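One rule links them: number in the numbering used here = place in the sequence shown (from 1) + 284. A short write-up of the structure that comes next.
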Amino acid sequence: MIAKKDIEKFLEPKKLAVAGVSRDPKKFGHQVFEELRKRGYEVYPVNPKTPEIAGEKCYSSVSELPAGIDRLLILTPKQQTDAVLREAAKKGITRVWVQQLSETKDTLKIAEENHLDLISRKCIFMFVDPVTSIHKFHRTLLKWFGRLPK
């Protein structure tokens with residue numbers, strides 16, 4: 285089980301790369317990107333199909349990210365997740381969050397083989413303060429039923 289301290293370590297520096305950021309403001313990948321920026325995070329978007337998203341330079345791959353980024357949020361479709369995870373390990377990224385529903389049956393194994401600190405099967409919106417909207421309600425339910433990471 286994922287511990288609260290692991291989530292806090294991932295979110296603490298407020299600087300991370302996000303693979304799977306969409307150009308379309310209606311898509312989840314774009315919404316996560318915008319919400320993280322609104323909440324004070326320095327976000328490095330990764331999308332091979334565009335050089336810029338919302339006025340920010342966009343990196344075509346994880347390997348192109350600048351040095352010093354050691355956290356990656358993966359929002360890609362399942363078919364791309366494990367390749368992005370391997371690329372992150374080669375880049376030297378040590379902490380990875382694979383958004384719920386993006387993991388595959390091999391994701392955990394790949395993370396273990398590459399000694400990555402992995403958070404998976406969790407929605408980042410449940411943990412980035414302030415937690416708002418429906419996520420606040422879901423978080424309360426998880427807390428009531430003892431399913432919120434401790």
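Backbone N, C-alpha and C define an ideal beta-carbon position, used for all residues, glycine too. If you're wondering where the values come from, they're calculated on a predicted model, not measured in any experiment.
In this structure, phenylalanine 294 and arginine 370 do not form a Cβ contact; the two beta carbons are roughly 19 Å apart against a cut-off of 8 Å.
In the structure shown, the three-state DSSP call for aspartate 401 is strand. Taking 7 Å as the cut-off, the beta carbon of serine 417 is found no closer than this to the beta carbon of valine 382.
For lysine 288, the CB contacts under 7 Å within the same chain, skipping 5 residues up- and downstream, are Pro433, Lys434 in chain order. Short of 8 Å from the beta carbon of proline 350, and not among the five residues preceding or following it, lie these beta carbons of its own chain, in chain order: Tyr328. By the Cβ test, the region 361–368 is not in contact with the region 337–344, since fewer than three Cβ pairs between them sit closer than 8 Å.
Bridge partners of glutamate 340 according to DSSP: Ile337. In the same chain as aspartate 390, and ignoring 5 residues on each side of it, the C-beta atoms closer than 8 Å to its own belong to Asp366, in chain order. Lysine 434 carries a coil assignment under DSSP once its states are collapsed to helix, strand and coil. Taken atom to atom, the span from the alpha-carbon of serine 386 to that of methionine 410 is near 16 Å. In terms of CA proximity to isoleucine 291, Val380 leads the group Ala373, Lys311, Ile353, Val380. For the pair valine 302 and glutamate 326, the Cα-to-Cα distance works out to about 10 Å.
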